[in-house]
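Below is one structure, written out as structure tokens; the observations come after it.
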Amino acid sequence: MNLNKLMLGSTAIATLAIFAAACSSSGGGSKVHKLDSGTYAYTINSVSNNTCFAAGIPPTGIAVNFAITSTNGTTFTLVPPTAAQAFIPPIAGTKTGNALDATGNASAALTSSCTLAITATATGSMTADDEFNADITANLSAATTASNGNPSNCSALAGTTIGGAIPFPTLSNPTNGTCALTISGAAVYQGP
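Start counting the sequence shown at 23; every next residue gets the next number (my numbering).
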């Protein structure tokens with residue numbers, strides 16, 4: 023098993039959490055808050071509906087940095103950390119008033135016989151200029167076809183860890199199983 027790929031996989035899962043934070047819905051006041059391009063720190067406040075990992079994974083209270091490129095104040099691109107880009111490509115979204123909305127998908131070829139398909143949706147609201155709350159829901163599934171062209175089979179990874187720390191997600195079964203989780207948090211602009 024390639025530990026570098028597994029480490030990238032754990033970074034990708036954390037990035038999904040960040041992505042969800044960046045995709046939010048309606049704001050509470052009449053002022054439309056700005057979303058500037060730059061680095062944002064997304065702090066995970068809670069994890070719910072988690073069928074992927076044991077309690078405490080991903081941990082709450084941690085901040086993950088990511089980049090946002092905002093165009094014309096109405097569209098944005100979320101760029102995950104470099105280490106995660108092999109699994110999570112930059113994701114485009116829209117900003118309408120104080121609502122941020124985005125969806126994305128990617129696949130992670132963890133081994134030649136195990137590919138995970140990842141989809142994410144995010145909803146939330148701008149709370150101030152360059153600050154927002156967001157709920158990110160990630161769905162992981164063993165892809166129909168692995169990178170080797172055969173049906174995906176992730177059973178060899180069950181019980182292993184990604185990067186020596188994050189357990190491989192618990193799928194409902196190793197060949198076409200699924201799991202999901204929702205991460206809630208807040209993002210704050212860190213600078214250009």
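Quick reminder that beta carbons are idealized off the backbone N, C-alpha and C, glycines included.
Have a look at the DSSP bridge pairing and note the partners of residue i.
i: residue 159; result: 143, 204
i: residue 209; result: 64, 154
i: residue 70; result: 204
i: residue 97; result: 93, 116
i: residue 138; result: 130, 164
i: residue 197; result: Partner(s): none; residue 197 has no beta bridge.
Output needed for residue i: all residues of its chain with C-beta closer than 6 angstroms, excluding positions within five of it in sequence on either side, in chain order.
i: residue 131; result: 137, 169
i: residue 152; result: 58, 211
i: residue 114; result: 99
Hey, could you find the ends of the beta strand (DSSP E) residue i is sitting in?
i: residue 89; result: 85-93
i: residue 132; result: 121-133
i: residue 117; result: 113-118
i: residue 79; result: Here residue 79 belongs to no beta strand (DSSP E), and DSSP marks it neither H nor E.
Between which residues of its own chain and residue i is the CB-CB distance below 7 angstroms, once the five residues before and five after are set aside?
i: residue 51; result: Its pLDDT being 48, under 50, residue 51 is placed unreliably by the model, and nothing is read from it.
i: residue 134; result: 168, 169, 170
i: residue 197; result: 164, 173, 174, 175
From this set, the options, which residue's C-alpha is nearest residue i's C-alpha?
i: residue 208; options: 128, 156, 102; result: 156
i: residue 140; options: 119, 122, 165, 121; result: 165
i: residue 120; options: 154, 90, 192; result: 154
i: residue 162; options: 144, 194, 149; result: 194
i: residue 199; options: 205, 206, 174, 79; result: 174
i: residue 60; options: 91, 118, 66; result: 91
i: residue 8; options: 95, 160, 89; result: Because the chain spans 23 through 214 in this model, residue 8 falls outside it and cannot be assessed.
So is residue i in contact with chain D if we call contact Cβ pairs under 8 angstroms?
i: residue 194; result: No chain D is present in this structure, which holds just one protein chain.
Report back the beta-carbon spacing between residue i and residue j to the nearest angstrom; my notes put them in contact at under 8 angstroms.
i: residue 189; j: residue 75; result: 6 angstroms
i: residue 73; j: residue 178; result: Going by Cβ atoms, the distance from residue 73 to residue 178 rounds to 21 angstroms, so no, they are not a contact pair.
i: residue 150; j: residue 124; result: Actually they do not touch by this definition, with Cβ atoms about 20 angstroms apart.
Which same chain residues, not among the five before or five after residue i, have their C-beta less than 8 angstroms away from its C-beta?
i: residue 10; result: For the chain, the structure presents residues 23 to 214; residue 10 sits outside this window and is missing.
Regarding residue i and the ligand PLP, is the C-beta to nearest heavy atom distance less than 7 angstroms?
i: residue 83; result: The ligand content of the structure shown is nil, which means the ligand PLP is not present either.
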